[in-house]
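To start, the structure under review is shown below, and the notes come after it.
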Amino acid sequence: MAPINPPITRRSVLTGIAAAPLLTAASCREQSSTLGVDVAGILPDLSFTLTRVRDGRQVSDADYTGQVVALFFGYTHCPGICPMTLQNLSRVADQLGPRAQDLSILFVTVDPRRDTPTALANYVGGFTDRADGLRGGDNQLAAITRRYRVTYDVDPEAPGGYRVTHGQSVYLFAPDGTAQLLLPRFSSSDADIDGAVKEINRLIRA
C-alpha cells in the first residue's frame, strides 16, 4: 500500500496549493449565476443525524436552525479539493465579520474509517471556528449522501493504495433549512468569495 499523505491544513493552502479538478456530482437546473446553481425547490430541505466531533454529540439539522449552512462532503487526507474549499469558506467567514456567527460550515467525512473524531476535529478546526466536522455510521452516511445526490467511493484496496473520490460541490441552505444554491466551483483558487458573502448576507437578512 502506498504511504498516506498527511492532511493538508489551512496553513498549507495559504502557502500555495493547486486544486485538482474532479467531476461535480450533481444534477440540477442550468447554471443560474457565476456563483452557483439555483436549487430552491429542487433539492430537499436540510435533514440529517450525525455525530459532531468537537463535542461527541449526536446532532441533527434542528441544531442549526436559524443558521445559514454551507454543507460539504470530503475527507481529511484529501490532497486538493477539500483544503481549498475549506480555505475559501473560511475566507467567506472572515469577510462576514460579526455576521459569521450566523453561518455554520458543516464538513461531512466520507471516510470515517480513517477520519477519527480527533483527527476530523483538528482538521476542520485548523481552517475556521465556524466549521463543524460531522461523521456517522454507514446508514447515516448513506442517508445524507442519497438525499443530496452525493457520489463518493472509498476503496482501501485500490491499485496504488487507499483511494477516495467524491463530489466537490458546496450546498448552501437558508436559516429555515431550505436548499438555496449549489456551489460547484468553490474548490478553485478563483472562487467567487465576494459573491458568496453577498448571498449569505442576503439569506441572513431574509
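Residue numbers (the numbering used here): 80 to 285.
Ideal Cβ placement from N, Cα and C applies to all residues, glycine included.
CB-CB length for residue i against residue j, believed under 8 Å
i      : j      : result
Ala200 : Val118 : Wrong, their Cβ atoms sit about 29 Å apart, outside the cutoff.
Val249 : Val233 : Not quite, the Cβ-Cβ distance comes to about 21 Å (not below 8 Å), so this is no contact.
Best match in the options for proximity to residue i [C-alpha to C-alpha]
i      : options                           : result
Val189 : Ser183, Ile121, Gly176 and Leu129 : Leu129
Phe186 : Tyr154, Pro158 and Gln219         : Tyr154
Leu122 : Lys277, Asp269 and Gly256         : Gly256
Cys161 : Lys277, Gly205 and Arg226         : Gly205
Asp269 : Ala198, Thr207, Met163 and Arg193 : Met163
Ala198 : His156, Ser139 and Asn280         : His156
Lys277 : Thr207, Thr230 and Gly176         : Gly176
9 Å Cβ cutoff met for residue i and residue j
i      : j      : result
Ala258 : Phe252 : yes
Leu262 : Leu125 : no
Val171 : Leu260 : no
Ser169 : Gln146 : no
Pro254 : Ile223 : no
Asp273 : Gln137 : no
Ala212 : Pro196 : The question names Ala, but residue 212 is Gly in the sequence shown. Yes, the Cβ-Cβ distance between Gly212 and Pro196 is below 9 Å.
Gly246 : Phe152 : yes
Val203 : Leu150 : no
Ala285 : Asn167 : no
Arg226 : Phe127 : yes
Asp181 : Ile279 : yes
Collapsed DSSP secondary structure at residue i in the structure displayed
i      : result
Leu213 : strand
Ile121 : coil
Gln247 : coil
Ser169 : helix
Tyr241 : coil
Arg228 : coil
Arg136 : strand
Gln259 : strand
Thr207 : coil
Leu199 : helix
Phe265 : coil
Ala253 : coil
Asp142 : helix
Val159 : According to the sequence provided, residue 159 is Gly. The question's Val does not apply to it. Gly159: coil per DSSP, three-state reduction.
Val276 : helix
Gly115 : coil
Buried or exposed by the 16-neighbour rule on C-beta atoms within 10 Å, applied to residue i
i      : result
Glu301 : No answer is possible for residue 301: it lies beyond the span of the chain, which begins at 80 and ends at 285.
Ala221 : exposed
Arg209 : buried
Val218 : Here residue 218 is Asn; the residue named in the question, Val, does not match the sequence. It is exposed - the Cβ of Asn218 has fewer than 16 other Cβ atoms within 10 Å.
Pro238 : exposed
Pro191 : buried
Ala179 : buried
Asp134 : exposed
Ala141 : exposed
Pro100 : Bear in mind that a pLDDT of 32 at Pro100, under 50, signals an unreliable position, so the model cannot answer this.
Asp271 : buried
Thr144 : exposed
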